[in-house]
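To start, the structure itself, in structure tokens.
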Amino acid sequence: MVIVATDAGSSKKAYKYSEFFKCPIALVDKRREGNDDRAIASTIIR
Numbered sequence: 007m008v009i010v011a012t013d014a015g016s017s018k019k020a021y022k023y024s025e026f027f028k029c030p031i032a033l034v035d036k037r038r039e040g041n042d043d044r045a046i047a048s049t050i051i052r
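Take 7 as the starting number for the sequence shown in my numbering and just add one per residue.
In structure tokens, the structure reads:
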């Protein structure tokens, strides 16, 4: 099992879950292109 934080804002909560379940954590790095609200996941950091 891996706990995944969907963005930097949820990393603290994901870290607490990973400690509780004693499993690794991953973070999705998202970027916005242009002026629209759509985010593109560019990197997964583990």
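Ideal placement from N, C-alpha and C gives every residue a C-beta, glycine not left out.
Of the candidates Thr49, Val8, Ile51, Ile50, the residue whose Cα lies closest to the Cα of lysine 28 is Val8.
Each residue's CA atom was taken as its position, placing leucine 33 and arginine 52 some 6 Å apart. Per the DSSP secondary-structure output, lysine 36 pairs in a beta bridge with Ala47. Counting only the Cα atoms, aspartate 42 lies some 36 Å from glutamate 25.
Beta-bridge partners of valine 10 (DSSP): Ala32.
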